[in-house]
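Following: one structure in C-alpha cells, then a few remarks.
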Amino acid sequence: MSGYSQIASSKHEQKDGDGMSNDLGRYVDRLNSDLRDREQRLSKDAAERESRLHQQMMEQDKRYREEMKAIEERNEKLFSRISEEIKELRSEVKESNSHLRQEIHRAVDKIDAMKKHTQGLVVTTIFGIFATIVAVATLAIRVISSK
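Given below as C-alpha cells:
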C-alpha cells in the first residue's frame with residue numbers, strides 16, 4: 006500500500022476536521038482504479054494468451070496436416086514401388102515359367118527321341134535274334150543234310 010500514501014486529490018476531497026474521510030475516499034478511488042486497471046490487464050492478458058494458444062493450435066494443426074500429407078505421399082511412393090516390384094517379379098516369374106516350359110519341352114522331346122531310338126533298338130534286336138535263329142537253323146539243316 007505504499008503507492009496509496011501519495012494519492013492525488015479526487016472528488017472525495019473534503020475539508021473535515023481531521024481529513025480522514027478525505028483520505029478514505031481517495032483510497033477507495035485508487036483501489037477502484039487499480040482494480041479496473043488490473044481487471045483490464047488480466048482481461049487483455051487472457052485475450053492475448055487465448056489468441057496465442059489459438060495461433061499455436063492453428064500452427065500445430067497445419068504442421069499435423071503437412072506431416073499427414075508427407076506420410077501419405079511417402080506411403081503412395083512405397084505402394085507405387087511395391088507395385089512396380091510386384092510387376093517385375095510377375096514378369097520374372099513368367100519368364101522363368103517360359104524358360105521352364107522350354108526346358109520341359111526339350112526334355113519331352115529328348116524322351117520321345119530316346120523312346121523312338123529304344124523302339125528302333127528293340128526292333129533291330131528282335132530282327133537280329135530272328136536272323137540269328139534263322140542262321141542257326143540254316144546251319145543246323147546243313148549239318149544234318151551233310152551227314
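Anchor point for the sequence shown: position 91 equals 96 in the numbering used here, and the numbering is continuous, going up by one each time.
Glycine residues also receive a C-beta, built at the ideal position from the N, C-alpha and C atoms.
How is S10 classed by DSSP in three states: helix, strand or coil? As a first step, residue 10 must be located in the sequence shown, where it is residue number 5. Bear in mind that a pLDDT of 47 at S10, under 50, signals an unreliable position, so the model cannot answer this.
Classify K121 as helix, strand or coil using the three-state DSSP reduction. Taking the sequence shown and counting its residues from 1, the one referred to as residue 121 is at position 116. Reduced to three states, the DSSP call for K121 is helix.
Assign K74 to one of three DSSP states: helix, strand, or coil. Translated into the one-based positions of the sequence shown, residue 74 becomes position 69. Of the three classes helix, strand and coil, the one that applies to K74 here is helix, per DSSP.
Helix, strand or coil at K92 according to DSSP, with G and I counted as helix: As a first step, residue 92 is located in the sequence shown; it is residue number 87 there, counting from the start. It is helical.
Distance, Q124 Cα to F135 Cα: Position 130 of the sequence shown, counting from 1, holds the residue named residue 135. Position 119 of the sequence shown, counting from 1, holds the residue named residue 124. Roughly 16 Å separates the two Cα atoms.
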